[in-house]
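Student: First residue of the sequence shown? That's 111 in this note's numbering, and the numbers climb one at a time after it.
Cβ atoms here follow ideal geometry from the backbone N, Cα and C, with glycine treated the same way.
These numbers were taken from a predicted model, which means no experiment stands behind them.
Take a look at the following structure, please.
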Amino acid sequence: DGKPWVGRGTDEDPFLVGISTKNLLRKAERDPASFILHMDATFKLSQAWYPVFVVGVSDSNRTFHLLAIFISSQRKEEHYTEALCALRRVYMQVVNTPMKVLYVMGDAEDAQWNALQNAFGADNKFTTLMCYFHVAAKVYERTRHLPTETGHLVM
Numbered sequence: 111d112g113k114p115w116v117g118r119g120t121d122e123d124p125f126l127v128g129i130s131t132k133n134l135l136r137k138a139e140r141d142p143a144s145f146i147l148h149m150d151a152t153f154k155l156s157q158a159w160y161p162v163f164v165v166g167v168s169d170s171n172r173t174f175h176l177l178a179i180f181i182s183s184q185r186k187e188e189h190y191t192e193a194l195c196a197l198r199r200v201y202m203q204v205v206n207t208p209m210k211v212l213y214v215m216g217d218a219e220d221a222q223w224n225a226l227q228n229a230f231g232a233d234n235k236f237t238t239l240m241c242y243f244h245v246a247a248k249v250y251e252r253t254r255h256l257p258t259e260t261g262h263l264v265m
């Protein structure tokens, strides 16, 4: 219904809050070919250990510009989608034009990729990129069981 609702942090009533400013949102008011939209989640920043995810853009100068920070009690596709849709909705109210993206980069997590598609896919044809750190972490995770010599060939 458009009214704010934070939630209690339970499975039935998840907690989700986002923080941004008009100045931060205007950082994405540029040619979509000139930036990459980033989404990254981290944990253990609070006593509740709620996931914190950051959304921002990086430009051709390799400078990161924060757009918003979200805190959620759960790391599920529906919560990522809700946050990204809220970001797009508020961006539209501030900038008076839909948020367009051509490139997105995020974690190696299906929930994030699906949420990006849910929030931006209907009117954006974007290329998905993966952070080198997350690629290397996944390769390491999948090759740990290999003999040491074989693992060194992969990495």
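Based on the DSSP secondary-structure assignment, which residues constitute the bridge partners of residue 230?
Tutor: Beta-bridge pairing links residue 230 to no other residue.
Student: Measure the C-alpha to C-alpha separation of residue 136 and residue 242 and round it to an integer number of angstroms.
Tutor: Each residue's Cα considered, the two are about 27 Å apart.
Student: Quick check: the Cα distance between residue 204 and residue 257, rounded to an integer number of angstroms?
Tutor: Each residue's alpha carbon lies about 55 Å from the other.
Student: Tell me whether the beta-carbon of residue 236 lies closer than 8 Å to the beta-carbon of residue 214.
Tutor: Yes; because the gap between Cβ atoms is below 8 Å, this pair is in contact.
Student: Buried or exposed: where does residue 190 fall if 16 or more other Cβ atoms within 10 Å of its Cβ makes it buried?
Tutor: When all chains shown are included, residue 190 counts as buried.
Student: Kindly indicate which three-state DSSP category residue 121 falls into: helix, strand or coil?
Tutor: DSSP places residue 121 in coil when its eight states are reduced to three.
Student: Terminal residues of the continuous beta strand (DSSP E) containing residue 239?
Tutor: Element bounds for residue 239: 237-240.
Student: Note down the Cα distance separating residue 143 from residue 129, rounded to an integer number of angstroms.
Tutor: Each residue's Cα considered, the two are about 26 Å apart.
Student: Count Cβ pairs between the region 121-128 and the region 167-183 that sit closer than 8 Å; are there 3 or more?
Tutor: At 8 Å Cβ cutoff, the stretches touch.
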